[in-house]
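Chains as they are written, first to last, in my numbering: chain A, 63 to 841; chain B, 14 to 141.
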């Protein structure tokens, strides 16, 4: 995109998405009863900004709608209209349509007037607005006389205030404005803000510190919890090896802690080693702690403050010995008018117009202030094409494979573990891992955008079935891989619709049962043991298991005499072609069943499970891997095949003894583990590599934990390694293979299959006692 | 040297789209010495290191609105003389009157085209 306008237009639509998000947030707060003017302002501003941008690009439909919405919000803001629940629902509808209009404008599409018309009509009726006439405002511009002298690029004396006709010449004459208390009007406080905050810690342990079992590393880690740290170790005192007394410490450290916390919190870290070390904590003297010489004072207030500590003529006083109070910037008349070089400005990446102020300027009436650090800046962001990130992800994947191959070669070469190559490789491994995690973090984004879309689904679907429903969300800031978020939209939409349509009872039934009139649907996301768990729950009637079972029998999905546990009945919902609603409503009966939901979750390497309590509600729980690119796996051997078992599925590994093993029937075994019994599965037999073994005594088993809390013991021949493997999908070439999640390339170039333990166990435990090879797979 | 080569401008707007649009328009008039800030407080901070002749600021911004920024500029000896062009989506009489009292040099209502912006600037600083 070379056309700057096209680029700005594209960024406008991205910005609109952010504004729509804060619009939803604001409305949600209002709906929750928040009447804070700032909340209303956020809503107003979001609509206002979208309108403003849209106007610049001539997006008339969008402008027209946004204008009416904005006018209504302005009424709310001015306190002339107090929205009730109904009004806020209407605002939500407006926000949804505004989103539609933005996307339509982006995609050169249109939104039907039949959609916008009625909502606008309602809006006008509700708020009682008439289209106002634009007032013509007279204003005479006030000219500035800019004298550029002989054409040098100097900043001339800026025109004095008297040149401005309407301007007040004294501050007193100004009307008092409600300025935010923290407004940095170039005050001393504001300037002090720009200095670096933190401490330098000099730490030299005495022998007693080590003798009492303390470990400097833990202290540094505790410091890291306070702020960013950089640690320098001084090992100059180390004697030669032959003179080294192992009971004497020779090291000392300097740690720089960047933190907002007080010195006290830094001291507290060392509380328990007090007296066991030399400890010096000094406030950081920021590089900003200086003022550029200038002919005029920066701000009167600064001078006043400075007078308290030094004579006005004095040189800069910010000395490192001073307590870390505040004024690191002092103004003082300088002997020469030549200013210090202007600092490089922190510029947010959106504006690339100026990175550096011109260097050759002379002093004007301004006092150039050298400031470093960006404490009050919002976090800078860069927008990057997703393709570039994906390329990086792929490259990191290759790096992981390459690293595995290198390790293998090193091992094969028979180098000792403490050889420089081996230790170097160790570090390489750690770095690769760090890079991989960082890259994954780039791809991750908060799941919030997805949750907000679900808000709309709830509003629309509850309206269409005439139920009163409220959506609660939690964990919106949980970061999830972008692709996962995109591919979750459809299954989640379906589950939400299901919850509203089938999960929740009708309003009458709820009241009959003594429940609140309003049904609740809760959507949560959280990180749990290396996975992301998303739950959709409702406080409805729960699964009617009798009816589900009946339906399954009718559809010949299960035999009429099947004995099923509650959870087995619940899982019938995931069978293809299953639908319990007596009549298919136009909401969830859209030809998509829970089986489709399940397979799309599985395609993401995820699992889905149900828990339901009669009369209390149903919860669907989706568990997803953090990343789709690599996983930590245990490399095992079974019947001369190499397989990878995802590490997060393995609870523990053990060697079987005779007493652990109990026979259960003629062809199955269970393993006794700490008082409980767990079914034993022979991985080789399950995958059809070989027949079940004669004896498993002395064999190795992996204890697999499942989402539903069930466990299984997987017998393997040997555990070879534990390592990070790059996931290479198989589905493109082979379709979905039961029990197998994907494949990978090992260090020796060999291809190994990655197991899906839960699926494997599920497939195996579904059968009774007859265990036969079903999936003949040959590596 | 033309005025446009000398003129230093700071664009203040919380929307990066608007900053981009204004900067782009300024560029088309040949004004290249342009800094920008996403809110009033950071504008004040940047101004300290990069003094300008003219601030072009949006009115409706979170935290500190355009008029509050103007007030801050006029309250400070060093920034008192900077020209101020307010861009506003809603040209309310109240805003304009307050702007007048605070020493606003000109205002421009959104949406505007590059010619409109140029006119509004030239009304303050003269022919570019």
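No residue lacks a Cβ here, since even glycine has one placed at the ideal position from N, Cα and C. Predicted model only: the values in this text are computed from it and were never measured.
Using a Cβ-Cβ cut-off of 9 Å, residue 70 of chain B is close to nothing in chain A; its nearest Cβ partner there is about 13 Å away.
About 6 Å separates the beta carbons of residue 98 of chain B and residue 133 of chain B, which is inside the 8 Å limit, making them a contact pair. Taken in chain order, the unbroken stretches of alpha helix (DSSP H) that lie wholly in the stretch 53 to 97 of chain B and span 4 residues or more are 53 to 62 and 79 to 87. For residue 478 of chain A, there is no enclosing beta strand (DSSP E), as DSSP marks it with neither H nor E. Inclusion of residue 680 of chain A and residue 600 of chain A in the CB contact set at 8 Å is warranted, their separation being smaller than that value. Look at the stretch 118 to 132 of chain B: the residues with a C-beta under 7 Å from a C-beta of chain A are 118, 119, 120, 123 and 124. Residue environment: residue 519 of chain A is assigned as buried (16 or more neighbouring CB atoms within 10 Å of its CB, all protein chains considered). Residue 731 of chain A is bridged by DSSP to A:725.
When DSSP states are grouped into helix, strand and coil, residue 337 of chain A belongs to the coil group. Among the CB atoms of chain A, one or more fall inside 8 Å of the CB of residue 33 of chain B. In the three-state scheme derived from DSSP, where H, G and I count as helix and E and B as strand, residue 21 of chain B is classed as strand. Separation of residue 620 of chain A and residue 632 of chain A (C-alpha to C-alpha, rounded to the nearest whole angstrom) is 13 Å.
With contact defined as three or more Cβ pairs closer than 8 Å, the stretch 800 to 815 of chain A and the stretch 475 to 486 of chain A are not in contact. Residue contact with chain B for residue 203 of chain A: present (Cβ-Cβ distance below 8 Å to some residue of chain B).
For residue 25 of chain B, the nearest beta carbon of chain A is not closer than 8 Å to its own beta carbon. Taken in chain order, the members of the stretch 95 to 110 of chain B whose beta-carbon sits within less than 7 Å of a beta-carbon on chain A are 95, 96, 102, 104, 106 and 109.
Closer than 8 Å to the CB of residue 44 of chain B there is not a single CB belonging to chain A.
In this chain, the beta strand (DSSP E) harbouring residue 764 of chain A covers 762 to 767.
Beta-bridge analysis with DSSP links residue 305 of chain A to no other residue.
For residue 744 of chain A, the pairing in a beta bridge is given by DSSP as A:777. Here residue 77 of chain A is buried, its C-beta having at least 16 other C-beta atoms within 10 Å.
Taking residue 15 of chain B as reference, the option from B:32, B:45, B:96 and B:92 with the minimal CA-CA separation is B:45.
Just so you know, the alpha carbons of residue 682 of chain A and residue 536 of chain A end up roughly 15 Å apart.
A Cβ-Cβ separation of about 4 Å places residue 782 of chain A in contact with residue 697 of chain A under the 8 Å criterion.
Nearest to residue 291 of chain A by C-alpha distance, out of A:269, A:321, A:104 and A:157, is A:321. Apart from the 5 residues on each side of it in sequence, residue 132 of chain A sits with its Cβ closer than 6 Å to the Cβ of 109, 110 and 113 in its chain, given in chain order. Considering only A:471, A:558 and A:318, the residue with the shortest C-alpha distance to residue 285 of chain A is A:318. If you draw a straight line from the Cα of residue 153 of chain A to the Cα of residue 524 of chain A, it comes to about 16 Å. Residues of chain A with a Cβ closer than 8 Å to the Cβ of residue 136 of chain B are, in chain order, 203 and 205. Counting C-beta pairs with one atom in each stretch, the stretch 51 to 71 of chain B and the stretch 91 to 106 of chain B have three or more that are closer than 8 Å, which means they touch. Annotation for residue 532 of chain A: the continuous beta strand (DSSP E) segment containing it runs 531 to 536.
Annotation: residue 159 of chain A to residue 86 of chain B spans about 40 Å, alpha carbon to alpha carbon.
Within the stretch 599 to 638 of chain A, the runs of alpha helix (DSSP H) that reach at least 4 residues and sit entirely inside it are, in chain order, 607 to 616 and 628 to 633. When DSSP states are grouped into helix, strand and coil, residue 123 of chain A belongs to the helix group.
The beta strand (DSSP E) runs lying completely inside the stretch 514 to 566 of chain A and spanning 3 residues or more are 531 to 536 and 541 to 543, given in chain order. From the beta-carbon of residue 88 of chain A, no residue of chain B is found nearer than 7 Å; the closest lies around 12 Å away.
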